[in-house]
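Position 108, counted from 1, in the sequence shown is what the UniProt record's numbering calls 108; the numbers after and before it change by one each time, with no gaps. We put the CB at the ideal spot given by N, CA and C, even for glycine. Step one of this worksheet: look at the structure below.
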Amino acid sequence: MTPHASIREAWLALTDESVLDPAQPILDAHHHLWDREESRYRTEDFIADVSCGHDVRASIYVQCRTGYRRSGPEALYPLGEVETILEWSAQAPNHPVGIVAFADLMQGSAVRDTLDGLLDLAPNHVCGIRNTTAYHPDPAVRSNPRPAPDGLLRSKEFHQGAAEVARAGLALDIWAYQTQLHEVETLARLLPELTVVINHCGGPLGVGPFRERTPADFAAWRAGLEKLAALPNTRLKIGGFGLAVFGNDYHHHPAPPDSERLARDWAPWFETCLEAFGPARCMFESNFPVDKGMFSYVALWNAYKRLTRALSQNDRDQLFWKTAASTYGVAFDGWVTPQASS
1 MTPHASIREA
11 WLALTDESVL
21 DPAQPILDAH
31 HHLWDREESR
41 YRTEDFIADV
51 SCGHDVRASI
61 YVQCRTGYRR
71 SGPEALYPLG
81 EVETILEWSA
91 QAPNHPVGIV
101 AFADLMQGSA
111 VRDTLDGLLD
121 LAPNHVCGIR
131 NTTAYHPDPA
141 VRSNPRPAPD
151 GLLRSKEFHQ
161 GAAEVARAGL
171 ALDIWAYQTQ
181 LHEVETLARL
191 LPELTVVINH
201 CGGPLGVGPF
211 RERTPADFAA
221 WRAGLEKLAA
231 LPNTRLKIGG
241 FGLAVFGNDY
251 HHHPAPPDSE
261 RLARDWAPWF
271 ETCLEAFGPA
281 RCMFESNFPV
291 DKGMFSYVAL
301 WNAYKRLTRA
311 LSQNDRDQLF
321 WKTAASTYGV
331 AFDGWVTPQA
341 SS
């Protein structure tokens, strides 16, 4: 059973708003695609959302166990996900322009076979690796249908695998809760040559033992982020506000929230992220379709645009596309940016 809010198109249609700043270029730094028994969200579904009026020129797909191979060497099963996404997206070359794939880092140094296979298969698309690592002992804190076991981020094997990711010239995306940020910090310190991309604002929690969202919980999350921000090889994705573990309950309201409500609600987290990492190390993400159960694609990007109105155009561009493009080393629509150095 999925821990995410269900997508209800009729409910989403109850709130309608115009696109703000339609000329602002966007690279959606994090989305998923899948075709599962409980739901389907393939490239054509994503394109339907992207075509809402925002200038979303490209996107980064992030692994979610889609289309694995079922035969051949088990270490190469994840190559099927890349094959599937490229097949689905053949008519939409910039969606995605980059793929954050899966390779089991618990293989340690042996993961290089998987990494080489991924890069041989799609050298112009594979730009990063992500594993399922978000863990908390309370069953109420759950954001994955198949939760990770405890200890992955701390293990020697994972660290060895992450070192291979760095050697392959790829970034490492990490989805961890705020209670795990010290583990992410240890990894980033151990491998300064590795670009570590922290997903979903660093996992601020609002469920289970965190459901009261106390000032102490917020301060602990902020302190963890600030320690990570002190390391030059870290980047941060701002988004994931529709994840159930964040504690928002928009899906329980009679109508979906508009962007004014979202911007007001998200401001404390956005401002903390921006203050810690700065625009040149932050990037916006949609986390669709996961977050689509709580708000529309129009409202999401309008909220980000509202939150950034006081910033310079260069800083806005960093958040909306430049940081993601440089972090993952992708080029599209004439935008050519080098791989970010750590």
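1. Distance check for F246 and G224, CA to CA, integer angstroms please.
2. With distance defined between alpha-carbon atoms, name the residue in P139, A263, L170 and I60 nearest to R112.
3. With distances taken between CB atoms, is the gap from A299 to P256 smaller than 8 angstroms?
4. Please state whether DSSP places S259 in a helix, a strand or coil.
5. Taking only three categories from DSSP, how would you classify S143?
6. Return the residue from the list H200, R69, F277 and V207 that minimises the CA-CA distance to L228.
7. Name the residue from A168, H159 and R167 whose alpha carbon lies nearest to the alpha carbon of L185.
8. For the alpha helix (DSSP H) that S326 lies in, which residues bound it at each end?
9. Taking all protein chains shown into account, do 16 or more other C-beta atoms lie within 10 angstroms of the C-beta of N233, making it buried, or fewer, making it exposed?
10. Going by the beta-carbon positions, is the gap between D21 and K322 smaller than 8 angstroms?
11. Less than 8 angstroms separating the beta-carbons of H125 and L86?
12. Starting from H31, trace the beta strand (DSSP E) both ways and give me its first and last residue.
13. Any beta carbon of chain C sitting closer than 8 angstroms to that of K305?
14. Within a Cβ cutoff of 7 angstroms, which residues of the same chain sit near W11, ignoring the five residues on either side of it in sequence?
15. Pick from G80, C64, H54 and I47: whose alpha carbon is nearest that of T2?
The answer reads as follows:
1. 16 angstroms
2. L170
3. yes
4. helix
5. coil
6. F277
7. The sequence given here places Glu at residue 185; Leu does not occur at that position. Nearest of A168, H159 and R167 to E185, Cα basis: H159.
8. T323 to Y328
9. buried
10. no
11. yes
12. P25 to H31
13. Note that chain C does not occur in the displayed structure, where there is just one protein chain.
14. P256
15. C64
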